[in-house]
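Read in order, the letters of the sequence shown are residues 938 to 1037 in this note's numbering.
Don't be surprised by glycine CBs; every beta carbon is placed ideally from N, CA and C.
To start, the structure itself, in structure tokens.
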Amino acid sequence: MTKSLLAEFTAREGAEDEVARLIRDYALKVREEEGNLTFDVYTKAAAPRAFWIFEVYRDDDAFRAHLNAPYGAPFNAALTPLIEEDASVLTFLEPLAARR
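Here's what the structure looks like:
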């Protein structure tokens, strides 16, 4: 079963361009992961400092491999001082089962 999640964070005032640069570079690496199926980055139209990342991994093992990738910790260390939250807020998603 795939592993899907939404990661959310808000860039500090004036840091949005640097956050966008960091996430673009990071996205290129994540998209090359064998188990990554989707890594789409969005900003909220009405609040461009709000970043939303929709991620889908092949399964739990692929998600664990993503968490252990060598570029993850440096990305998070660079991102943390540039966002309002202590870390990305993760929401794990499950597909809505078909109803009969």
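Judged by their CB atoms, GLU992 and THR947 are not nearer to each other than the 8 Å cut-off. Around the Cβ of ASN973, a 10 Å sphere holds 16 or more other Cβ atoms; the residue is buried. In the DSSP assignment, VAL978 is bridged to ILE990. About 27 Å separates the Cβ atoms of LYS940 and ALA982, ruling out a contact at the 8 Å cut-off.
Measuring C-alpha to C-alpha distances from THR975 to each of LEU1004, LEU1016, ASP1023, ARG995 identifies ARG995 as the nearest. Around the beta carbon of LEU1030, fewer than 16 other beta carbons lie within 10 angstroms, which makes this residue exposed. Around the CB of TYR963, 16 or more other CB atoms lie within 10 Å, so the residue is classed as buried.
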